[in-house]
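S.K.:
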Amino acid sequence: MNVELTNRRAAVLIPAAGSGQRMGTHVPKPYLLLGGREILARTLDVFETCPAVHDIWVIAAADQQVYCRQGIVERYGFSKVRGVVAGGDERQASVWRGLQHLGSEVDLVVIHDGVRPFVSHTIIEDVLEGAVQHGAAIAAIPLTDTIKRVSQQGCVEATMPRDRLWRIQTPQAFCRQLLQQAFEHAWQQRLSATDEAGLIEAYGHPVYVVQGSEQNVKITTPDDLAMCERFVER
């Protein structure tokens with residue numbers, strides 16, 4: 001671990017309020033089994049064992065709080081998890097609620113999707129180091145597919161240059177004060193974004209990119225789950 005991180009306290013917020021709708025199941029995605037263990041439990045295990053991480057807060061749907069705490073956190077003994085927070089109606093509100101629970105000693109904040117169980121310690125530490133140096137850092141991978149813009153009628157309008165296009169992942173790491181200010185700016189301006197980096201961009205602060213991983217999959221569909229089952233079997 002980089003010496004710059006040894007004097008910092010990093011807290012992780014893990015949004016885990018996803019439904020199972022796109023999976024075609026009544027079981028919420030974080031609690032689906034992957035290789036005999038819940039996806040969320042696998043995700044938490046990576047952060048629990050990462051030396052750069054000190055505190056973890058899980059953000060769950062309000063009606064799943066008790067199960068998340070008892071069936072995941074207490075059952076598997078995740079000692080770094082400080083609590084399970086009830087999420088809001090959307091991701092932005094959920095992460096904001098999580099931010100309000102952090103202790104005053106926390107100066108770095110990591111946000112990571114609860115259904116990305118194959119993140120590595122290296123990626124976590126890379127985004128944290130990026131946040132120390134730049135204020136904000138995110139994991140991403142370069143696009144390899146050809147990207148085309150398509151009209152409402154279903155016809156190709158243009159082929160987009162891909163040399164500067166990246167697929168954004170989590171974890172995303174930020175200096176706490178910067179993230180707090182970006183959220184406050186968003187509320188004042190009534191802005192919304194699909195990830196926290198979008199709020200930082202809207203606030204006018206640059207976001208640094210570090211190399212992610214093809215295996216750092218967000219499990220959203222049955223195909224994603226099947227692919228990740230193969231990862232577990234390796």
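Residue numbers (UniProt numbering): 1 to 234.
Cβ atoms here follow ideal geometry from the backbone N, Cα and C, with glycine treated the same way.
#1: Would you kindly report the start and end of the unbroken beta strand (DSSP E) that includes M160?
#2: Beta-carbon separation of L13 and V81 under 8 Å?
#3: So, is F118 buried or exposed, given that buried needs 16 or more other C-beta atoms within 10 angstroms?
#4: Roughly how far, in whole angstroms, is the beta-carbon of G87 from the beta-carbon of R97, given that I think they are within contact range, below 8 Å?
#5: Can you give, in chain order, each stretch of the alpha helix (DSSP H) that sits fully within the region 100-139 and has at least 4 residues?
#6: Looking at the strands, I want to know which residues DSSP matches up with K148.
#7: How big is the Cα-Cα spacing for G71 and R164?
#8: Here's a check: name, in chain order, each residue in its chain whose Cβ is nearer than 8 Å to the Cβ of A158, leaving out the five neighbours to either side.
#9: I'd like to confirm the pairing. Which residues does DSSP put opposite F174 in its beta bridges?
#10: In terms of residue numbering, what span does the alpha helix (DSSP H) encompassing Y203 cover?
#11: Cβ of V193 within 8 Å of Cβ of V207?
M.R.: The short version:
#1: 156-160
#2: no
#3: buried
#4: 7 Å
#5: 121-134
#6: T159
#7: 43 Å
#8: K148, R149
#9: V109, A136
#10: 196-203
#11: For the record, residue 193 in the displayed sequence is Ala; it is not Val. Against a cut-off of 8 Å, the Cβ pair of V207 and A193 comes out as no contact.
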